[in-house]
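The block underneath contains the structure these notes are about, expressed in structure tokens.
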Amino acid sequence: MTKKMDEAVRCQIKIDRPIYEHDQLRKDFDYNKSDKKKCLSLDFDTNFKRIVLKTIPAIEWLSHYKWRKNLLADFISGFTVAIMHIPQGMAYALLGNVPPVVGIYMAFFPVLIYFFLGTSRHNSMGTFAVVCLMTGKAVLEHSDPSYFMKSSINTTSENPVIESVHDRYSPMEVATAVTFTVALFQLVMYVLRLGIVSNLLSETLVSGFTTGAAFQVIASQIKDLLGLKIPKQKGLFVFINTLKCVFDEISETNTAAVVISLVTIFILIANNEVIKPLLAKKSSFPIPIELIAIVLGTLVSRYCSLEEIYSIKVVGEIPSGLPAPNMPPMSLLTSVLLDGFTIAIVSYSITLSMALIFAQKLNYEVDANQELLAQGVGNIFGSFFSCMPFTASLSRSTIQQVVGGKTQIASLVSCFLLLIVLLWIGPFFEPLPKSVLASVIVVALKGMVWQIKQLFRFWKMSKMDAIVWLATFLTVVFVSIEIGLLTGVVMSLATIFVLSLKPYTCLLGSVPGTDLYININRYKGAVEIPGIKIFQYCGGINFATRNIFRSEVLRLVDINPQKELEYRKKLTKYGDEIDVKEPESPNEKIAKLQRKINRELKCLILDFSSLSHLDPSGASMLQIVTESFQKIDIPVYIAACPEPIYEMINKCGLINHKSSIRTFPTVHDAVECATEIFTLSASPISTISRI
């Protein structure tokens, strides 16, 4: 379309209406203040049916489920995800310092709860590397080293129970205590409707945090990749201490373990980078390469006696059957409170982020608070059945959606397939080399490691965001995961505070022949109205920014009312205050003073259309600024302020006050009013001074 055609079809606006002040507009159009929505609403619905349907969303969506259309797609999706759960569950369980079978428990017990209570149709819940690593840190910190990775789990097939001896806790007891604590925090957050807390973890923070955690995970797997026997590190500086131990023991590297690791990594990368993209053009069903790798690794280890001949570390005993329910040790809860809190926040934020991504992509709604309930109840249930905290997985969730999954029926299918594995197939994987699982973990984390490239994107968009990313990443890698998370949150909040102290301000000018007012410094066509200054402030005026607001007004309007008053007093009383000994004549002094007050201003208009918040301290400063200008006969008008701002101004008495401020619904109303008043006014024009 040509420029002439654009001009021909451009719409025109013609408005003929009276000038309104804000208060008059309210009266004429029946303003009714809406009730405030409470941040922590504890009001409960009294309709039992509505409560049940809201608490258990599955009842609602199952009643409308399209069985003929979606069941096959959900079954295929669930089967595919179940295949992914086996290698990922076993591998990530090792990150938590618990037996590999725990990862499969996590894909069964809590997922059953999420099926009924969750609102995301595509989240694949279960193990997630970062959360398992954080849980493993707590397990390592609080469990007895003599138990470490040697105990089995009590199951329905009569395997022995993991019990504490001499008041010392086993790894599984610590893991379930952490899970129970995570559940308590998530349920408390649900009751208090604190789903918004996930907003504390920005995209920048989560990216830096997960990237740093990925490096921590990889470092923890080096010993299994190389077949080294080094102690697990705990406390601060785990990454550095682990690398130090690896270099100290590098001469003890198990060549067979290295070969197994290299072959496994090569197969996985070849599939992901070459075969998978080629097959994706023809079929959405992915090759279960991780499952193939662990099956082949198990068979080779079993028939080549890798453990006996080459001293390869293997998974070891995997009990068949389901674990008997056991109460988590309540005496341990206070010791893992901090771990539970951080894991609860991270787990929920990652799960909700995944849910929102798919909901936005596929156009359905997710309830942030209901997700807290689903995770909280799921973790409570899982803590009785030897589970670590469960979380959504990006890779599995993506596969669940791409393969064609429509609802959480896919997760239900996955659960029943994994039940078969737990009941009969589990012991098959006992000779699986740990180097194979370590290879699966390292390759699976490639995407998280490559998030490091996002640093350059953040640097281009915002230097402050890039600094938050870098600080979070470095602290997670070189200090600890918990301190890294805290660093990221504190720096993110500090960034918000710093940005709030740097509000955007400018002077507006008129677009000739319109009611538009734009920045005179950025638009050459904008015309400043003679005798009127229009000051625009974007941000909040509160106790922290009140002085910034005042200084910006004086800077841009180029006025200092106090000096103006001083100059006027000197001019008024000059005849009585002349010092005859002064070398300059009185006329020269008067001329100097007049040169300082040689410009004219009739009215100052404050455009508050972008004012986000006004507290009593800010309102007090607004009154001070207004009165200071009124003392030099320059009225101050407020234009386009949002209703909550207008109400705060009214509450603080700035409207019905001796120095009452006139308010207008738009900048144009204020300009027209000022123009009309001061054009007809016979009063002398006020003069202003430079700061």
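Per the numbering used here: the sequence shown = residues 18 to 708.
Virtual Cβ for every residue (Gly too), placed ideally from N, Cα, C.
Since the structure is predicted, the reported quantities are computational estimates derived from the model, not experimental observations.
- Within 10 angstroms of the beta-carbon of ARG474 lie fewer than 16 other beta-carbons, which makes it exposed.
- Taken in chain order, the complete alpha helix (DSSP H) segments of 4 residues or longer contained in the segment 497–569 are 498–517.
- Residue burial is scored here from C-beta neighbours: ASN396 has at least 16 other C-beta atoms within 10 angstroms and is therefore classed as buried.
- Three or more Cβ pairs closer than 8 angstroms define a contact, and the segment 245–253 falls short of that threshold against the segment 451–467.
- Annotated three-state conformation of ASP624 is strand, per DSSP.
- Assigned with DSSP and collapsed to three states, GLU617 falls in strand.
- As computed with DSSP, THR198 is found in no beta bridge at all.
- DSSP, reduced to helix, strand and coil, places LEU631 within a strand of the structure shown.
- If you draw a straight line from the Cα of VAL312 to the Cα of VAL485, it is about 42 angstroms long.
- Per the Cβ contact rule, the segment 345–363 is not in contact with the segment 102–112 (fewer than 3 Cβ pairs under 8 angstroms).
- The criterion of a C-beta distance shorter than 7 angstroms is not satisfied by ILE374 and THR408.
- The alpha helix (DSSP H) runs lying completely inside the segment 60–90 and spanning 4 residues or more are 65–72, 74–80, given in chain order.
- Here VAL653 is not near PHE226, since their CB atoms are 7 angstroms or more apart.
- Judged by DSSP secondary structure, PHE681 falls within the beta strand (DSSP E) whose first and last residues are 679–681.
- PRO450 and LEU323 do touch by the CB rule: their CB atoms are close to 6 angstroms apart, below 8 angstroms.
- SER337 is positioned such that its CB atom lies closer than 7 angstroms to that of PRO444.
- Per DSSP, ALA455 lies in no beta strand (DSSP E) segment; the continuous alpha helix (DSSP H) that holds it begins and ends at 451–461.
- For the pair VAL363 and ASN343, the Cα-to-Cα distance works out to about 26 angstroms.
- The alpha-carbon separation between MET371 and SER626 amounts to approximately 35 angstroms.
- Residue pairing for ALA656: DSSP places it in a beta bridge opposite ASP624, PHE681.
- Among the bridge pairs identified by DSSP, ARG34 is matched with none.
- Looking at the DSSP output, ALA409 shares a beta bridge with MET142.
- By the neighbour-count definition (other C-beta atoms within 10 Å, threshold 16), THR531 is an exposed residue.
- Comparing alpha carbon positions, the residue from PHE256, ASN140, LEU245 closest to LYS154 is PHE256.
- According to the DSSP secondary-structure assignment, VAL331 is paired through a beta bridge with PRO450.
- Under the three-state reduction of DSSP output, ARG185 falls in the strand class.
- Judged by DSSP secondary structure, GLN468 falls outside any alpha helix (DSSP H); it is assigned neither H nor E.
- Bounds of the alpha helix (DSSP H) holding PHE358 are 354–379.
- Around the CB of ARG563, 16 or more other CB atoms lie within 10 Å, so the residue is classed as buried.
- Rounded to whole angstroms, the Cβ separation of GLY120 and TYR109 is 5 angstroms, and the two are in contact under 8 angstroms.
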